[in-house]
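Peer 1:
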Amino acid sequence: SVTKLLATDAQAAYQELCDTPVSLFVCPSRRSGEPVPTDTITTFRTAASGNDVTVTINEATRVDYAASGGTVGACLDGMPLDTFVEKLLPGLSGGGNKKLQIAHYPRGNSGNCQTLTLPLSSIVGSGNGKSGHLNHGDRLGPCPPAGQEPVCNLIMDLVTEPIGNLQKGDELRRKTQSQRILDYGDNGIPDLQDGIISRMSQVRAASVLDGLSNVYLLGEKYVSGEDYESGTDSGDQSILYAGYSASNVRWARFPPTQDELDVERPSAFGSAHPGTWNAAFADGSVRSMSYDINLEVHKNLAAKSPRYDGEVLGAF
385 SVTKLLATDA
395 QAAYQELCDT
405 PVSLFVCPSR
415 RSGEPVPTDT
425 ITTFRTAASG
435 NDVTVTINEA
445 TRVDYAASGG
455 TVGACLDGMP
465 LDTFVEKLLP
475 GLSGGGNKKL
485 QIAHYPRGNS
495 GNCQTLTLPL
505 SSIVGSGNGK
515 SGHLNHGDRL
525 GPCPPAGQEP
535 VCNLIMDLVT
545 EPIGNLQKGD
555 ELRRKTQSQR
565 ILDYGDNGIP
575 DLQDGIISRM
585 SQVRAASVLD
595 GLSNVYLLGE
605 KYVSGEDYES
615 GTDSGDQSIL
625 YAGYSASNVR
635 WARFPPTQDE
645 LDVERPSAFG
655 SAHPGTWNAA
665 FADGSVRSMS
675 YDINLEVHKN
685 LAAKSPRYDG
695 EVLGAF
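Quick note, our numbering runs 384 ahead of the 1-based positions in the sequence shown.
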């Protein structure tokens, strides 16, 4: 049938694309660029002659450089909850009657997580929720199972809803940011990213208020030292062409780190090099950066404009 023929042709074409090494995207100090297995199967959807064809890629090349998603990462650590909610309210249908789920960690008892579902109106202004649920370890989303890390430490692929086709992408794009956040259940992640790259983003030079020479565009990414050729590191599972994921985007919520054996850091920048990692800035310059960079300076360099807390970029 026509559909079967299209599927066969698409499978072969995509597999050839993903199997072809691209030396520009790999660091020779780390690996050769040859294709490695995908731990989680990557699926492409394509349309031809009115037929949707799904093809599956089981082996593909990787990338050792990641775009800068900013300071936030998969969790809004550090952003006061009322600041986050105030970003939601403009243009939001339903206003404060909408509810947000948070993992609440009481003061002095960080191990006792409580999943709370709060109306937005109780979080901002003078509502009762303001004094009880701000600035002390609340995180978006439900509490993790006992003994497991919070969901915000998972790779971005697992905390964002993938856009399955162009029609859904157009539908998302027509919604306001606030409405996307609540309608699609990703709690604003990554819509509130403050870096050069975010989902469905469009950034002009004029919006980079910290100056193009002071903002990361991309940098080397951290990969667990024993997983270079296995494709099993949770920040290296997706292929070069997979788009917005922890395999291709990193965030400055953690310090940059040299690769270590048997340690995964799917949010962090880093490299196999001792002493330094390389970052390309938005003005096109490339600089060797120290692993010992002050974390707050690192965060400011990842943000394209003054951060929500008003911090000013310091020397680096």
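Cβ coordinates follow ideal geometry from the N, Cα and C atoms, glycine included.
How long is the line joining the alpha carbons of Leu685 and Asp393, rounded to whole angstroms?
Peer 2: Leu685 and Asp393 have their C-alpha atoms roughly 44 Å apart.
Peer 1: Please report the residue range of the beta strand (DSSP E) in which Glu604 lies.
Peer 2: Tyr600 to Glu604
Peer 1: Any Cβ of chain B within less than 8 Å of the Cβ of Leu401?
Peer 2: Structure shown: chain B not included; a single protein chain is present.
Peer 1: At what residues does the alpha helix (DSSP H) containing Val607 begin and finish?
Peer 2: Segment: none, Val607 is in no alpha helix (DSSP H) and carries neither H nor E.
Peer 1: Measuring straight from C-alpha to C-alpha, what distance separates Ser618 and Asn496?
Peer 2: 27 Å
Peer 1: Alpha carbon to alpha carbon, how far is Arg637 from Ile441?
Peer 2: 31 Å
Peer 1: Going by C-alpha distance, which of Tyr606, Val587, Gly579 and Gly454 is nearest Asn662?
Peer 2: Tyr606
Peer 1: Which same chain residues end up closer than 7 Å to Val647 when comparing Cβ atoms and leaving out the 5 residues on each side of it in sequence?
Peer 2: Ser608
Peer 1: Sort out for me which residues DSSP pairs Leu645 with in a bridge.
Peer 2: Leu645 is not bridged to any residue.
Peer 1: What is the residue span of the beta strand (DSSP E) that Leu502 lies within?
Peer 2: Gln498 to Pro503
Peer 1: Would Gly757 pass as a contact of Gly453 if the rule is Cβ separation under 8 Å?
Peer 2: Since the first and last residues shown for the chain are 385 and 700, residue 757 lies out of range.
Peer 1: Throw me the rounded Cβ distance for the Arg671 and Ala450 pair, which I believe falls under 8 Å.
Peer 2: Wrong, their Cβ atoms sit about 16 Å apart, outside the cutoff.
Peer 1: Given Ser597, which residues of its chain have a CB within under 7 Å of its CB, disregarding the five upstream and five downstream residues?
Peer 2: Phe665, Asp667 and Ser669
Peer 1: Using a Cβ-Cβ cutoff of less than 6 Å, which residues in the same chain neighbour Pro650 once the five nearest sequence positions on both sides are dropped?
Peer 2: Ile539, Ser618, Gly619 and Ala630
Peer 1: Look up Val592 in the DSSP assignment and say whether it is helix, strand or coil.
Peer 2: Here Val592 sits in coil by DSSP.
Peer 1: Are there 16 or more other CB atoms within 10 angstroms of the CB of Ser582, so buried, or fewer, so exposed?
Peer 2: buried
Peer 1: Please identify the residue among Glu443, Tyr612, Glu400 and Ala444 whose C-alpha is closest to the C-alpha of His645.
Peer 2: It is Leu, not His, that sits at residue 645 in the sequence shown. It is Tyr612.
Peer 1: Over the uninterrupted beta strand (DSSP E) stretch that includes Val670, give me the two end residues.
Peer 2: Val670 to Ser674
Peer 1: Can you list, in chain order, the residues of its chain whose CB lies under 7 Å from that of Ser413, leaving out five sequence neighbours each side?
Peer 2: Ala656 and His657
Peer 1: Verify whether the separation of the beta carbon atoms of Phe653 and Gly615 is less than 8 Å.
Peer 2: no
Peer 1: Any idea what DSSP makes of Val681, helix, strand or coil?
Peer 2: Look at Val681 here: in three-state DSSP terms it is helix.
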